[in-house]
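K.L.:
Take a look at this one; I'll ask things after.
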Amino acid sequence: MDYISTRGEAPSLGFCDALLAGLARDGGLYVPRKWPHFSKKEIRALRGKSYQEIAFAILLPFTNGEIPGETFRSMIDEAYGTFRHPAIAPLVQAGPNSFVMELFHGTTLAFKDVAMQLLARLMDYALEKRGERATIVGATSGDTGGAAIDAFAGRERTDIFILFPNGKVSPVQQRQMTTSTASNVHALAVEGNFDDCQNLVKAMFNDAPFRDRVKLSGVNSINWARIMAQIVYYFTTAIALGGPDRKISFTVPTGNFGDIFAGYCAKRMGLPIGKLVVATNENDILERTLKTGRYEMKAVKATTSPSMDIQISSNFERLLFEAYDRDASKVRAAMNSLKQSNGFEIAKEALAFIKKDFRAGRASEKQVAQTIKKTHAETGYLLDPHSAIGVFVAAKHEKPNTPMVTLATAHPAKFPAAVKSASGIDPALPTWLADLMHKEERFQIVKPELKAIETFIGEHSRA
């Protein structure tokens, strides 16, 4: 099991090398050369097992024999020991055939905790084995930053620098990034939007001398290990609902395309999945792409679901690679066109390949607020704005006899203003985070200038 770049011009790497590299040297994203496969019999054998046991079985083939089994099992147990619900990703029934998968029971109340807690331990292991340090740089539209800082704070072998768009994340999201007292944590508020932050991170990875000098590594979903960890909850949920002997469909609030791509990976690995439904807010590049076959950037609109206020969905490149039958030259051409003219056309056969598994829908700001209000009034269940987009879009794609699962990606208390405005309910933070809004903040405001940010990182990194 080795890993290859979607752009075909970087060397293939083993698991630990791909983990620490993050972005491939040719600007591409790493994917496994072959998908591990699980038969229906093997999936049935996972029934009745814990989340941690299923994670071990599903993820071990990806590690390429580079981590001893017992060590890997301990990492998984430790990572998910931080969660406040024994099921890790519990299911709540929302209707006769519809379910919500709660992914917000981790330390920072967002689905990013599921992958980030494991990623931190994997990186620690790989760095310690080599006697090395790393500088972690990440961009966030809100939740990745808090989850990464929580997972890496105080870790001896890493320094972490998180770029977030100044004034464009919720107050709770901001404080989860800016109130850490760990000396290895640095929060940078960029005067721009998320796409500016993400482009700066990619530019740092593409600056080879800087990358090598500070031993750069990434925790965004450009890092394969992030996607890998998220595959697990598709398996646990499908198994809980009768898989593999019936198909399950999933609706996923989607920004960077990583979470839903993990569902596609699960399907490639043998899990019977009906449809994967992309749910977007008014920044609807993915819905437009599936409809028209043209991936085209537009200006970003600020919404009540800020984690999805983006126009460049990095992980779509991984799906494109599969849709073009892993022809890296076609992916390179598309990415060059995106860089030069803000868009590209998807070939007819490739679009048909994508549409076989994927559907898409969008929710306006008004529809998001109505969904939060209606769901609470009818069931007493409170949704955050991102999860509400999922619930709204899922309702339009339900099919009789196929359970539809919406991924609830964040706790409503992370977005109290939007939730209160829609429902009249002021969602309280869990007790262990109750003092978050009273802690002192520590962050730097920076202009979106590559050299200045590289200088800051160079001065503060211990790598």
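For any residue, its number in my numbering is found by taking its place in the sequence shown, counting from 1, and adding 14.
Don't be surprised by glycine CBs; every beta carbon is placed ideally from N, CA and C.
Given a threshold of 16 other Cβ atoms within 10 Å of its Cβ, counted over all protein chains shown, does ILE459 qualify as buried or as exposed?
P.N.:
exposed
K.L.:
Per DSSP, what kind of secondary structure is THR250 in: helix, strand or coil?
P.N.:
helix
K.L.:
Can you check the stretch 206-266 for any alpha helix (DSSP H) of at least 4 residues that lies completely inside it and give the ranges in chain order?
P.N.:
208-220, 222-228, 238-254
K.L.:
Relative to the C-alpha of ALA402, which residue among VAL114, GLY79, PRO286, ASP127 is closest?
P.N.:
Residue VAL114 is the option with its Cα nearest to ALA402.
K.L.:
Considering only their Cβ atoms, is the gap separating ILE236 from ALA252 smaller than 8 Å?
P.N.:
no
K.L.:
Measuring alpha carbon to alpha carbon, tell me which residue in PHE358, ALA337, ARG340 is nearest ALA347.
P.N.:
PHE358
K.L.:
Looking only at its own chain, which residues have a Cβ that is under 6 Å from the Cβ of ARG98, when we skip the five neighbours before and after it?
P.N.:
Within the same chain, HIS119 come within 6 Å of ARG98 by CB-CB distance, once the 5 residues on both sides are set aside.
K.L.:
With a threshold of 16 other CB atoms inside 10 Å of the CB of MET451, please say whether the residue is buried or exposed.
P.N.:
exposed
K.L.:
For PRO462, name the three-state secondary structure that DSSP assigns.
P.N.:
coil
K.L.:
When DSSP labels each residue in this structure, what does PHE358 get in the three-state scheme?
P.N.:
strand
K.L.:
With DSSP collapsed to three states, give me the class of GLN325.
P.N.:
Coil at GLN325, not helix or strand.
K.L.:
Hey, quick one: how far does the alpha helix (DSSP H) through PRO286 stretch, first residue to last?
P.N.:
Run containing PRO286: none; DSSP gives neither H nor E here.
K.L.:
Ignoring anything shorter than 4 residues, give me the alpha helix (DSSP H) runs that lie fully in the stretch 75-112, in order along the chain.
P.N.:
83-94
K.L.:
Taking the beta strand (DSSP E) that THR420 falls in, what are its first and last residues?
P.N.:
418-422
K.L.:
Under a Cβ-count criterion, where at least 16 other Cβ atoms within 10 Å of its own Cβ denotes burial, should GLY62 be classed as buried or exposed?
P.N.:
Its Cβ having fewer than 16 others within 10 Å, GLY62 is exposed.
K.L.:
Is ILE459 near the ligand NAD - that is, is its Cβ less than 7 Å away from at least one heavy atom of it?
P.N.:
The ligand NAD is absent from the structure shown, which contains no ligands of any kind.
K.L.:
What does DSSP give as the partner residues of ILE176 in its beta bridges?
P.N.:
In DSSP, ILE176 forms a bridge with GLY152, ALA201.
K.L.:
Are the Cβ atoms of LEU123 and ALA427 separated by less than 8 Å?
P.N.:
yes
K.L.:
If contacts are defined as beta-carbon pairs under 8 Å, then ASN295 and ARG376 qualify, I think. What distance do you get, rounded to the angstrom?
P.N.:
7 Å
K.L.:
Check whether the Cβ atoms of PHE330 and THR20 lie closer than 8 Å to each other.
P.N.:
no
K.L.:
Apply the 10 Å Cβ neighbour rule to GLU479 and answer buried if 16 or more other Cβ atoms are within range, or exposed otherwise.
P.N.:
The shown model of the chain, from 15 to 477, leaves out residue 479, and the question about it has no answer.
K.L.:
What three-state label does DSSP hand LYS413 in the structure shown?
P.N.:
strand
K.L.:
Is the stretch 56-71 close to the stretch 200-214, with three or more CB pairs under 8 Å?
P.N.:
no
K.L.:
Taking a contact to mean a Cβ-Cβ separation below 8 Å, would you say ALA153 touches LEU214 in this structure?
P.N.:
Cβ distance < 8 Å, so ALA153 and LEU214 count as in contact.
K.L.:
Who does VAL114 pair with in a DSSP beta bridge?
P.N.:
VAL106, THR420
K.L.:
On a Cα-Cα basis, can you pick out the residue from PRO46, GLY168, ASP323, ALA313 that is closest to VAL486?
P.N.:
Residue 486 lies beyond the stretch modelled for the chain, which goes from 15 to 477, so this question has no answer here.
K.L.:
Roughly how many whole angstroms lie between the Cα atoms of ALA148 and LYS216?
P.N.:
17 Å
K.L.:
Check whether the stretch 389-405 and the stretch 78-86 touch, using three or more Cβ-Cβ pairs below 8 Å as the test.
P.N.:
No, they do not touch.
K.L.:
Just to confirm, is the Cβ distance from PHE271 to ILE287 under 8 Å?
P.N.:
no
K.L.:
Based on the DSSP secondary-structure assignment, which residues constitute the bridge partners of SER19?
P.N.:
TYR44
K.L.:
For ARG171, tell me which candidate among ILE150, GLY159, ASN180 has the shortest Cα-Cα distance.
P.N.:
ILE150
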